[in-house]
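Enquirer: Numbering (this note's numbering), first residue to last: 17 to 241.
Here it is: the structure, laid out below.
Below you can see the structure in the form of structure tokens.
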């Protein structure tokens, strides 16, 4: 009986780890995400800028890499954390929702080639997920042997209460030549940005309307007969 109990507890623990989620409260919004995603883990930072611009980002882990030696075609796919952005009380969220990834270094020699592609699905306000087209990241050449990959995209949405990304991933490809490799480092960031603005309280609206009424009354009284 004790063995069965221990086995059941272990199964529950493994199940919980496999589907672990956590929530970051960033003030104007919250992000619920899977912090167990290999290569990304916990959200590393979040920010607020002028004009209501807000966002958050992950630092990438060196485990996100691929290497080809002797021309072999190698490919490795890494999941991007599933996450949902939700508005917090007293605020309004709006897009566009911008995402960016970079700068992931590559090395290649002897005619080798490298590339990174990204794909995923988005859902707005609990609606059906919509697939984003698979797109290659931009390759910037530093010299014939070294360079880096980066990319950004924008989802043109208006006001929203929730925005979810699911089933997203990046695929690293290396092949040909004598050597090719792509490797992430912690300074490489996956970031998302959008707009959050405070919503005036009902009392504020009432005071505003009352103030406008007083201004209108004074204007009428000052009008010459």
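Quick reminder that beta carbons are idealized off the backbone N, C-alpha and C, glycines included.
Being a predicted model, the structure only gives us computed values, none of them experimental.
(1) Hey, is the region 170-189 in contact with the region 95-103, meaning 3+ C-beta pairs nearer than 8 Å?
(2) The beta strand (DSSP E) with residue 147 in it runs from where to where?
(3) Using the Cα positions of residue 136 and residue 67, report the straight-line distance between them to the nearest angstrom.
(4) Thinking just about the alpha-carbon of each residue, which of 159, 44, 149 is nearest to the one in residue 65?
(5) For residue 36 and residue 160, I'd like the C-alpha separation in whole angstroms.
(6) Pick helix, strand or coil for residue 183, following the three-state DSSP scheme.
(7) With DSSP as the reference, label residue 24 as helix, strand or coil.
(8) Can you give the Cα-Cα distance for residue 220 and residue 106, rounded to whole angstroms?
(9) What runs of the beta strand (DSSP E), each 3 residues or longer, lie entirely inside the region 25-107?
Expert: In short:
(1) yes
(2) 146-152
(3) 28 Å
(4) 44
(5) 43 Å
(6) strand
(7) The predicted position of residue 24 is uncertain, since its pLDDT is 38 and thus under 50; a value taken from the coordinates is nonetheless stated next. Helix, per DSSP.
(8) Since pLDDT at residue 220 reaches only 48, below the 50 mark, its modelled position is unreliable, and the value read off the structure follows with that caveat. Rounded to the nearest angstrom, the two C-alpha atoms are 12 Å apart.
(9) 38-41, 45-49, 61-64, 69-75, 81-95, 99-103
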